[in-house]
Structure formats: C-alpha cells, structure tokens
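Per the working numbering, the sequence shown starts with residue 125, numbered consecutively. For each residue, glycine too, the CB sits at the ideal point set by N, CA and C.
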Amino acid sequence: MSTDRQSTPVSLYNLLPAIYRMRDAQQQDTPLLALLTAIAGQVDQFDADIGQLYDNWFVETCQPELLPYFAQLVALSLGPSLPTSASDAGADAVWRRAQVADALTDRRRKGSYSVLQDLARQATGWPALAVELRQVALATQSVRMPGVGRRRLVDLGDSQALEVLGTPASDAAPIADLRRLSSHRTPGTVDPSGVAVWLWRLVPDRVSQAPAANDGEEHRFTFDQLGRALPLAVVPVSAPHCPPATEFDVATTITRRALELRLDDYYGPARSICLYRGGQAVPRSQILVADLSRWHERTPDGHVTIDPLLGRIAFPARRPPDEAISVTYAHLGIGAIGGGSYQRPLAATADYQVGPGHHASIENALRAWHAANKSGKKPYAVIEINDDGVYREHLDIRLAAGERLQIRAAQGRRPVIIPVEAGGGRADRFRVRGIDDPGAADLPHFSLDGVWVARHSLDLYGSFDSVALRHCTLVPAGSLADVEAPDQRELPSLIVHGAPCPLSISSSVVGKIRVESPETGFDPLPLSVCDSVLDASGRHRCAVLGADDRPAWVRLSLSRVTVLGGADVHSVGLVEDSIITGALDCERRQSGKVSSCYIAPGSRTPKRMNCQPDTALARAKLSGLAVHQRLRRAARIVERLVPRFDAVQFGQAAYARLAESAAQELTHGAHDEGELGAYHDLWQRQRVADLRCQLEQFTPVGVDIDLRFAT
C-alpha cells in the first residue's frame, strides 16, 4: 500500500492555525517554516516505511531479501542467486520472485513435462526440452498391441538421420540402458524410467546484408566476411517463453539435408539465410544445396549453390556474378564478448553516421569532424557505423591535444574494418597517432567499441591520455583462412609504439599484443584486460610480448580473462579469476598479486594465492611418499588440471569455453566460486547447479533427470 502522497513544507505549514502562520511571517527568517522544512523529509520517509511494511506482506511486492522467508512458508528450497555481476542478474531476480509465487501451482504439476521445461528455461535462461526416455528407447513391439510411431535403429543410408544423430531432433532409437542416470559409478544414458532435459546454451549471432567474401575465384564466395568456413545457424522464430517444438525454435546448426528439404523455412529475407545479388534477393527457385568442401560441385546456369555446413556459395563457373553479392545469415556463439548482434551499453550519442544514407566511409566521417573542429570548437566526436559492412580503408588518424575520438558500431551491428594501403591496395596497418609530447597537459583519448579489425594490426603511436577497446575483436592472425605461412600466423593484432599510455581492453577478443615502448624515462605501460580472450594461436606462444623477444614494458592486470598462450611482461598489478594456458613470466616479482587463477607450471610470478595447480598440489599430501610416487602423483594432478576447452580456434561456436570435462577447480575456482576465464559473468555452472536443485523438488520419486547440452 505504498502511497504517492508526499509531505511538502508548504502542506504541513498550511495545517497550522492562521494566527501562527501570520506571526511566523512577521519574523525575519520564518523559523517555523524552516523547522517544518526539516520535518517534511522525515515524514515522507516514515510514510514510505509504513507503505513498504505493508508491501512486504505480499510476495509480488516484498523486498528481495524477504523472498527466502516466503519460500520457507511453502517448503521451497531456493538455489543460490546470481551475483549482480552476472549478465542477466536482473532477470534472475525476477524469476526467483515468480518461482516463489508459483510454487504451489507448479507443485500440482509435479513431474509433468511442462513444469520441467519451465523450470529449466527460467533457471538457466536457455531454451529447454524435456524428453521421456521410455518413448525413445528401442523396444520389442507387442504383436497384439504394436506401438504406433515407435522409433527404430538408424538407417545408414539416410543422410539426414546421420546428420542429426545424437541430438534431440534424431529419430534413431538407442538401446535401453538399465543403469540409472543418477548412478555415481557409471551413469546410464537411456534409463527407461528417466527424463532427459535438453538445453541449448549457444545463441545466434546475426549478420544482415553484409558483403560476401570472395574465395579466390570470381564465382566462389563465403558467407563469412573473413573467408572462414563457418556453419550457418537457425534464428529462432518462437517466443522466448515457449518450449521448442521444432528445429526452427532453437539456435542450432543448419544441415545440408534439412536446408534442401525445407528451403522455404530456412531461406528468405525474413528467414535465417538470404542471398542478395545487386541488392535483390535471389529467388528460392534458384537455390541449390550441395557439399562444397572441395568446390567440386558444378552449379548449373541460372542457379546458386549453398553449403550451410561450411558457409560457402558457388555460382556457375562460366557465368560469375557481375553485381555485388551480400548475405544475411547467423552463426552460433556464446555472446557477451567480441562484438556482434547482442545488446551492449552505449554512452554518448553519435555525432557522425557511417553506412547507407550517411557517410560512405570512415575517412569521410573523419574529414567532416576535422572540418568542424578547425577552430577547436568540436574536440569530441563519436563516429557510429550503422551496418554490418566491410570497410577497406586507409586509416591513419592523427589526434591533437584535447581531442577525444570514438569509433563504434551501432547497436546490434558488427562492422569489419580491413585497413589497406592508400588507394585500396594491399593490407596495411590501422594507425592512430597521439601527440609527441608525453608531458602535455591535455592528451588525446581514443576508443573502439563493437567493431572488428582484421588482416592487419591496430598500431598506436605517440602519447594518449588513454586508449580503450570495448566489445571489439582484433582478429588473431592465426584464425584467418588464407594464412598459411608460419610467420604470418605470428603477426600481432595490436602494437604499441612510443610513450606508454593507459590501455584498457574489456569484453573483447584480441590476438597478440606487442609493446615497443622505450624502457627508459617512462613507467611501464598500464595494460588492463577484463572479461576478454587474448589469443596467441598456441599455448607455447606469448599473447603479450615486447620487441625482439624482450619482456613487454608493461604492468599487466587481468580480471576474468582467458589467455590462450603465455605472457612475458615487466610486472603485474592484479591478476585474478583468469586462465593463462602458457607460461606467465614477470621480470619484476617483488610487487603485484596473483589470485584465484590457473597459472601454467613453470611460470615466474609474484606470490600466488589460491591458484591452480599449486593449491591442488599442496593439498595432495605427497610428503610421505617415495620420490617416484610423489612425482607420478603430482604429474597426474597437473595433467588433470590442464584447462580443456570446447574450441580454441577463433570463429568456432564454443570458442574459449571450458569443456564439461574441465576440472572443478577451474569451473568453480574464482574468488566467488564462479568459472575462471572470460565467461565468468555468464555464471553457466551456477545456473546448471540451481536447475538441478529445482528439478529435485519437482520430480516424482523413482524418476531420474539427466541434463544434456545440445550446444
């Protein structure tokens, strides 16, 4: 019963008799009115407290800290809530309130598929589907009452059945397994009394009307703008709160057979895939589906061949297209880092737009800003790219003292910048130059937000107040399809020249970082990285290094970072909740802090706290064993704790995500028992643990639940 009435000094003052108000007005400072002004705030606070006490009687309006008491009244066990740092902590708080409010209703539906699916979807935020294993297991049919529509063994001649084997869409019947799903020894897979709950953890990253990349031949193209072989994915069409009924309701890979049989459902301007020729969508009647893994398939005249598993396009060899080819598609990803179609916070409004209907290039927008800033009237500028285009430009940006420049992608967009030489020739560096005087009072600032930089490095020259990369991808050189020479795979993605400047990287994917700053006359460069992936294209390569194989003149700070490689730096500040698969070598080890991380054996760092495998080795009680036994057991512990990822190649769907087989010391090794690495704030392991806790309360006796991940 919170009230909207507020007590103002005037309203309280008017309640007094007129004689007192007249005498107060005769005073110099109206002391009575001043007193009531001070009292009015306390009256409002008292009134709000009374209203909140009344609201706390109801689960819909009570304060969040009272929800466990309401849950106790209905005998509901609430799992741990997501911390405020989680990417969707607000949605989790709303669901926990709804969970308590609907507890009695859900308990009446205990054991039904709908309640299991609802719990799984609400607890994790992922699409979920409950499947009764009795219905999918292979069984001998009764002659008197054969089961209609029962499943059978897979037909080895059915290519579509083989493509979806092992997924919820498969019609193949596995042989019944009498082991229980919850066995602590060897869990079963198809317990007839069990229920499997399938979860789809990956999300579609959509790209709209982006130019297709030419694959070397004028009739061959790829959907990916960097020429990589990426499988195409479904963009779900169902409402988020509805359980998936078909393969079109979840983000999953599109198979060749499925696209061929149901082309109308997958292809079109409003569908998951669309191909444009000269700005016009290619009709469905001209689309063919084939395996283009070796480009051997011949496309007949008047048609276009698509391979959804490799993301490739083939036109007739004798009649290559003269028009520009653009594509709309989606590929699977984890989201939250590297830029893409997901939502991210945008601070300032854009001053200059780049894209259709606006400036044709970033260079044109920069010229417009420089023209407006000739007299220093517009030192700040935000240039926003509002499409998913590829910008091949010669970018050599010079910032004067006091200037601040941000180049960013519009919300939901992912433009690609490919720096080239002047005149549009070969690949060149993306150069940003500050001023030459590091002691100047007003140094410039530069930031990138939501964009990709590929084919060459981003180079920073001179002095800056700060440089920031947010939700960006500086594509690792080793991940590009046409990079074959080993020396090309070693190229850095970011190079810092000249005077050290504060450099921050957040929610990004960055390849090698090379720092060539002078080591005399300047403090080490403060390099701060959080919620990101640093990819050196190999665990034995350095993700952060200096010139001529010297330690980088850097003071490195890492927070929730996955480093696919090592680092060779001058010193560290704070390194926490991170995974460094290679050796971390610090030249100065008297200062700095390393806490709650995986640090590869052989690293030279300041004193480490709660780090793996050091902590596991200390708890193993190896002192009473013989030398050979101690070494053998220590080797097993170290081997068990080596990080295992679902994928380490940039562009793969589950890139840099810890695998389900990863050690628990890594999946719960952060200071707050979260996952180590770049995806800490997604809290995926905690979501699954909360789901298991909830399912136990809504599952009938004798029924086991098995959580299975479709992606």
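Cβ neighbour criterion (16 or more within 10 Å) applied to R532: buried
Express the C-alpha separation of V751 and V218 in angstroms, rounding to a whole number. 56 angstroms
Quick one: residues in its chain with C-beta nearer than 8 angstroms to the C-beta of L470, no 5 flanking neighbours on either side, listed in chain order? R532, Q535 and D573
Threshold first: 3 residues or longer. Then list the beta strand (DSSP E) segments lying entirely within the stretch 438-521, N to C. Runs of the beta strand (DSSP E) spanning 3 or more residues and lying entirely within the stretch 438-521 occur at 449-457, 476-478, 504-509 and 514-517, in chain order.
Can you tell me the Cα-Cα spacing of A484 and Y476, whole angstroms? The alpha-carbon atoms of A484 and Y476 are separated by roughly 11 angstroms.
For the stretch 360-424, list the alpha helix (DSSP H) runs that are entirely contained and at least 4 residues long, ordered along the chain. 380-385 and 387-390
Could you tell me the boundaries of the alpha helix (DSSP H) in which Q810 lies? Q808 to Q821
So S681 and V699 are supposed to be a Cβ contact under 8 angstroms. How far apart are they, rounded? 7 angstroms
What is the rounded straight-line gap between the Cα of R713 and the Cα of P730? 5 angstroms
Distance check for L160 and D168, CA to CA, integer angstroms please. 12 angstroms
Closest by CA to D256, which one among Q246, S238, R613 and L243? Before going on, a small fix: residue 256 reads as Glu here, not Asp. Here the closest residue by C-alpha is S238.
Proximity winner among Q821, A740, L593 and G435, relative to S236 (alpha-carbon distances): The shortest Cα separation from S236 among Q821, A740, L593 and G435 belongs to Q821.
Could you check the C-alpha separation between H455 and Y400 for me, to the nearest Å? 18 angstroms
At which residues does the alpha helix (DSSP H) containing V772 begin and terminate? First-last for V772: undefined, no H or E at that position.
Reduced DSSP secondary structure (H/G/I, E/B, other) of D659: strand
For I703, which residues from the same chain have a beta carbon less than 6 angstroms from its beta carbon, with the 5 sequence-adjacent residues on both sides left out? T686, Y722, P767, L800 and G801
Taking only three categories from DSSP, how would you classify E700? strand
Check whether the Cβ atoms of P568 and E527 sit closer than 9 angstroms, and answer yes or no. yes
DSSP three-state assignment for A162, whether helix, strand or coil: helix
For Y144, which three-state DSSP category applies? helix
L615 to P503 span [Cα, whole Å]: 34 angstroms
With R325 and G312 assumed to form a contact (beta carbons below 8 angstroms), what rounded beta-carbon distance in angstroms separates them? Not really, about 23 angstroms apart at Cβ, beyond 8 angstroms.
Using 10 angstroms around the beta-carbon of V718, count the other beta-carbons present and answer buried if the total reaches 16, otherwise exposed. Around the beta carbon of V718, a 10 Å sphere encloses 16 or more other beta carbons of the protein chains shown; the residue is thus reported as buried.
Touching by the beta-carbon criterion (3+ pairs, under 8 angstroms), the stretch 571-590 and the stretch 545-559: yes
Might you give, ordered along the chain, the residues of its own chain that have their beta carbon closer than 6 angstroms to the beta carbon of L651, omitting 5 neighbours on each side? Within the same chain, and ignoring the five residues on either side of L651 in sequence, the residues whose Cβ sits closer than 6 angstroms to its Cβ are L627, V678 and L680.
Should L649 and A671 be called a contact, given that it needs their Cβ atoms to be closer than 9 angstroms? no
Decide if I174 is buried, meaning its Cβ has at least 16 other Cβ atoms within 10 Å, or exposed. exposed
Between A667 and D659, is the Cβ-Cβ spacing less than 9 angstroms? yes
Could you check where the alpha helix (DSSP H) with A789 kicks off and where it finishes? Note that residue 789 corresponds to Glu in the displayed sequence, not to Ala. Unbroken alpha helix (DSSP H) run through E789: Q788 to T791.
Reduced DSSP category for Q736 - H, G, I as helix; E, B as strand; rest coil: Residue state, collapsed to three classes: strand.
Are the beta-carbon atoms belonging to I430 and L383 less than 9 angstroms from one another? yes
Distance between beta carbons of D242 and D828, contact taken as under 8 angstroms: Rounded, the Cβ-Cβ distance is 19 angstroms, inconsistent with contact.
Counting only the same chain and skipping the five closest in sequence on each side, list residues whose C-beta sits under 6 angstroms from that of R436. T346 and L416
What's the gap between the Cα of V620 and the Cα of R781? 29 angstroms
Using CA atoms only, rank isn't needed, just tell me which of Y803, V506 and H792 is closest to A813. H792
DSSP three-state call for V272: helix, strand or coil? Caution is warranted here: a pLDDT of 49 is assigned to V272, below 50, making its placement in the model unreliable, and the coordinate value is therefore given only provisionally. DSSP places V272 in coil when its eight states are reduced to three.
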